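Let me begin by presenting the structure, written as C-alpha cells, before commenting on it.
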Amino acid sequence: MRRSGILMPISSLPSPWGIGTLGLEARRFADFLAAGGQSCWQILPAGPTSFGDSPYQSFSSFAGNPYFIDLDALAAEGLLEPSEFQSLDWGEDPARVDYGLLYQNRYPVLRRACARLLAQERPEFAAFCAGQAEWLEDYALFMALKEAHGGACWFQWPEELRLRRPAALERARRDLAGETAFWKAVQYLFFRQWDDWKGYVNGLGVSIIGDLPIYVAGDSADVWANPALFQLDGHGLPTEVAGCPPDDFALDGQLWGTPLFDWERMKEDGYAWWLRRIAFQFRLYDTLRIDHFRGFDSYYAIPYGEPTARNGRWRPGPGIEFFQTVNRVLGKKDIIAEDLGFLTPSVRRLLEESGYPGMKVLECAFDSRDTDSGFLPHGYPAHCVAYAGTHDNDTIQGWMASAPKEDAAYAKAYLRLNKREGYHWGMIRSVWASPADLAVIQFQDLLGLGSEARMNTPATLGNNWRWRALPGTFDKRLSRRLYRETRVYQRLPQAGKNKE
377 MRRSGILMPI SSLPSPWGIG TLGLEARRFA DFLAAGGQSC WQILPAGPTS FGDSPYQSFS
437 SFAGNPYFID LDALAAEGLL EPSEFQSLDW GEDPARVDYG LLYQNRYPVL RRACARLLAQ
497 ERPEFAAFCA GQAEWLEDYA LFMALKEAHG GACWFQWPEE LRLRRPAALE RARRDLAGET
557 AFWKAVQYLF FRQWDDWKGY VNGLGVSIIG DLPIYVAGDS ADVWANPALF QLDGHGLPTE
617 VAGCPPDDFA LDGQLWGTPL FDWERMKEDG YAWWLRRIAF QFRLYDTLRI DHFRGFDSYY
677 AIPYGEPTAR NGRWRPGPGI EFFQTVNRVL GKKDIIAEDL GFLTPSVRRL LEESGYPGMK
737 VLECAFDSRD TDSGFLPHGY PAHCVAYAGT HDNDTIQGWM ASAPKEDAAY AKAYLRLNKR
797 EGYHWGMIRS VWASPADLAV IQFQDLLGLG SEARMNTPAT LGNNWRWRAL PGTFDKRLSR
857 RLYRETRVYQ RLPQAGKNKE
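In my numbering, the protein residues as written are 377 to 876.
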C-alpha cells in the first residue's frame, strides 16, 4: 500500500516555553497530518539529550526527554502554577531552541511539579516505577549521581561508583533517595503525556515512526549499568570507539566517540539487552528506523584517544543471526533500515536477508561525485522509504542554492523543476510519484524554507537541532494542498480515498 508521511521532530513544534512538547501543538500537528491525507509522522529519537543537544547522544536508551513534558498540561492538573513558568525567559527567537536557557529554566520548574506529585503519593506513580524498574532504577540513580558530581561524566566519578561496587551503590541510593525520586517522577510525567499523545495520533489514523541510534552515548546509564556488554577496559574506559573511515566528504573520517558493543558477549545471552531495547521502542513507536544499519554487518573501530578516525579498522558485526533472533523472540517488527552511505556486497545481502526496507534520498541522486548512487527515483524499488532529504540533509531550497552548479542543473532537468512555484514542490512530487511504498518529506520542505531551517549538519557542533516551526504554520491552506497532491499520487490512507 502506498503511503506518505512528514518528518517533524517534537522539539521543532511551536510552543511559548522554548521547545516543542507533547501538548496542544503536538495534537494540532497530528490534526494537520490527518487533514492532509498523511499516514505517518516521523520523529527523531525522544531520549534525554546530553552535551551537544543531539537526540542521537542520550543519557538513556529507555528514558524520555524531560524537555518534551508540556508545562501547560502540568498546570491544568494543578502540578504547576502558571506564574511559575510563564514569567521565565525561554528565548527571544520562536524559530530557534535556546538549549542553554532550557537547561537553566526547565529543571527548576519540573522540580516544583514533581515535588507536588510526590507529595500526593499517587498509586499510579508507584505502579509505573515498579513496572519500569528494570531500567528506571539505574537511570534515576545515574542522573542523581551526575547531579551530585556537578554533571561530570561517570568515567570521572570515584572508582567505587564508576565500577558499581555494591556497598557504594547502596550508600548512594540511601543518600540520594530524594533526587532519585525526582528523576523517576520526571519519567512518569513524560510517559503519561507520551501515551496520551500517541493515543491521540493513532486515533486519527496516523502512525508514529521513531528513530533508534545503533550506538549509545558513553556517558549514559546504559553503559554505566551494563559495562560487560561494551568494549571497556578494567577502569571502565572504552578500548575502541565508533565512527566512520575517511572518504571524499570527510578527509579525517567521522569520530563519533561512542563505546562499541561486545557482540560476542551479547550473543552469549541471546542479545537480551538489545531485545529489551527494541521491545521498549515499540512501546513508543509503531515503526522503528534503525540508524547505521551497516554496523550490524561490520563496524569501524577507532582506538580510544585517537584525535581522528584515520586509524580505525573494520570488525565483524553480529550479522543476520541478530535479526533472526529479534524475529524469533519479538515477532516480525515494522523496521526501516537506514542503509545510507557506502554499502559493501555483504551489507546489501544483510538488508535483503532481513527483509527490511532501506532508504532512498533524492538530494543524493545528483551528486556528480557518485554517478551510480541508485537514488534517482525511476529506479527505486517499491520496498523502500523515499525521502527528498533527511534531518542530516539541507532543506530542498538550501540544497538547490548550495549544490554545485552541474548537480543543480541536472536536478532541474531530470525533475523538470519550476522556480516560479518553488523547487521544493517539484522535488516533493518526484518523491511522491516514485514507486516507493512510503514517501517521507521534512516539514521544512513543505514550507519551502532555506538552509536557515536545516536541522543538522553532520560533524559540526553548536548550531544543530534548533529549528522550530512558528505558531500558525499548520494552516488549512497548506493541509488542503498536501491532501490534493497526496491524492494525485495515490498515497492517501484507504479510509480517505474518496474524500473530496
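Even for Gly, the Cβ is constructed at its ideal location relative to N, Cα and C.
Owing to the predicted nature of the structure, the values given are computational and were not obtained by experimental measurement.
Which listed residue (the options) has its alpha carbon closest to that of residue i
i      : options                        : result
Glu861 : Asp715, Arg659, Ala815, Thr849 : Ala815
Leu822 : Met377, Arg378, Ile382         : Ile382
Gly877 : Asp715, Asp662, Tyr479         : Nothing in the structure corresponds to residue 877, since the chain is present only between 377 and 876.
Phe566 : Phe501, Phe699, Tyr865         : Phe501
Trp690 : Glu729, Cys620, Pro635, Arg704 : Cys620
Ile445 : Asp609, Met735, Ala553, Asp571 : Asp571
Ile666 : Gln414, Gly428, Phe408, Tyr432 : Tyr432
Leu456 : Ser437, Arg472, Leu486, Leu539 : Leu486
Pro622 : Trp632, Gln480, Arg492         : Trp632
Pro392 : Arg686, Ala471, Arg842, Val702 : Ala471
Met519 : Ile590, Leu608, Ser596         : Ser596
Gly612 : Pro499, Leu539, Glu729, Gly507 : Leu539
Leu464 : Arg404, Gly394, Leu409         : Gly394
Ser430 : Trp650, Pro753, Phe751, Tyr475 : Tyr475
Leu858 : Asp628, Leu409, Arg541         : Leu409
Phe672 : Arg686, Trp650, Ala685         : Trp650
Gly331 : Thr701, Arg686, Ala544         : Absent from the model: residue 331. The displayed extent of the chain is 377 to 876, so no value can be given.
Tyr479 : Pro692, Leu493, Ser426         : Ser426
Lys852 : Gly440, Gln818, Arg404, Leu706 : Arg404
Glu739 : Lys708, Glu797, Gly802         : Gly802
Ala524 : Thr556, Ile817, Ile386         : Thr556
Val864 : Gly413, Pro385, Arg686         : Gly413
Glu828 : Trp775, Lys709, Glu729, Lys795 : Trp775
Leu420 : Leu494, Ile585, Pro679, Lys736 : Ile585
Ile654 : Lys736, Ser415, Asn703, Pro534 : Asn703
Glu644 : Ala439, Ser436, Pro694         : Pro694
Ala758 : Gly731, Ala777, Glu797         : Gly731
Glu453 : Ser436, Gly707, Gln496, Ala411 : Gln496
Residues sharing a beta bridge with residue i, DSSP
i      : result
Cys416 : Gly381, Ser583
Met735 : Val761
Val599 : Note: Val599 sits in no beta bridge, so no partner.
Phe881 : The first residue shown for the chain is 377 and the last is 876, placing residue 881 beyond what the model contains.
Trp775 : For Trp775, which the question treats as bridged, DSSP gives no partner whatsoever.
Thr425 : Ser434
Trp843 : Arg472
The ligand FAD heavy atom lying under 8 Å from the CB of residue i
i      : result
Pro869 : The ligand FAD is not among the ligands present in this structure, which contains no ligands whatsoever.
Residue j beta carbon less than 9 Å from that of residue i
i      : j      : result
Tyr790 : Gln773 : no
Pro721 : Cys760 : no
Phe669 : Leu727 : yes
Ser674 : Val617 : no
Phe718 : Asp407 : no
Gln569 : Leu793 : no
Ala812 : Tyr756 : yes
Glu682 : Gly688 : yes
Lys428 : Asn769 : Checking the displayed sequence, the identity of residue 428 turns out to be Gly instead of Lys. No, the pair does not count as a contact, with Cβ atoms beyond the cut-off.
Leu593 : Ser380 : In the sequence on display, residue 593 carries Ala and not Leu. Contact flag unset, no.
Ile711 : Leu660 : no
Gln657 : Asp638 : no
Trp388 : Ala785 : Rather than Trp, the amino acid found at residue 388 in this sequence is Ser. No, the Cβ-Cβ distance between Ser388 and Ala785 is not below 9 Å.
Pro635 : Tyr564 : no
Arg842 : Val473 : yes
Pro753 : Ser810 : yes
Arg482 : Pro542 : no
Met831 : Pro499 : no
Arg867 : Arg378 : yes
Gly423 : Ala402 : no
Asp743 : Asp783 : yes
Leu493 : Asp448 : no
Chain D contact for residue i (CB, 9 Å cutoff)
i      : result
Gly802 : In summary, chain D is missing from the structure at hand, where a single protein chain is found.
* Would you mind listing the beta strand (DSSP E) stretches within the region 789-826 that are 3+ residues and don't spill past its ends, in chain order? => If we require 3 residues or more, the beta strand (DSSP E) runs fully inside the region 789-826 come out as 814-818.
* Asked: Is there contact between the region 758-768 and the region 804-818, where contact requires at least three CB pairs shorter than 8 Å?
  -> Pairwise C-beta distances place the region 758-768 in contact with the region 804-818, as three or more of them are shorter than 8 Å.
* the region 585-600 in contact with the region 520-532 per 3-pair CB rule at 8 Å -> With the cut-off at 8 Å, the region 585-600 and the region 520-532 touch.
* **4 or more residues per run - each alpha helix (DSSP H) lying fully within the region 459-536** => The region 459-536 contains these whole alpha helix (DSSP H) runs: 459-462, 475-496, 499-507, 509-524.
* Asked: In the region 662-736, which residue ranges form an unbroken alpha helix (DSSP H) of at least 4 residues, counting only runs that do not cross its ends?
  -> Within the region 662-736, the alpha helix (DSSP H) runs of at least 4 residues that lie entirely inside it are, in chain order, 696-706, 721-730.
* To do: Run through the region 610-670 for me and flag every whole beta strand (DSSP E) of 3 or more residues, listed as ranges in chain order.
  => With a minimum length of 3 residues, the unbroken runs of beta strand (DSSP E) contained wholly in the region 610-670 fall at 616-620, 630-635, 663-666.
* Count the C-beta pairs between the region 580-587 and the region 501-515 that are closer than 8 Å, then say yes if the count reaches three, no if not. => Verdict: no, contact absent.
* **Segments of 3+ residues assigned as beta strand (DSSP E) that fall wholly inside the region 548-594** => Fully enclosed beta strand (DSSP E) runs of 3 or longer: 583-588.
* For the region 459-472 and the region 480-496, state whether three or more C-beta atom pairs, one from each stretch, are separated by less than 8 Å. => Output reads yes: the region 480-496 touches the region 459-472.
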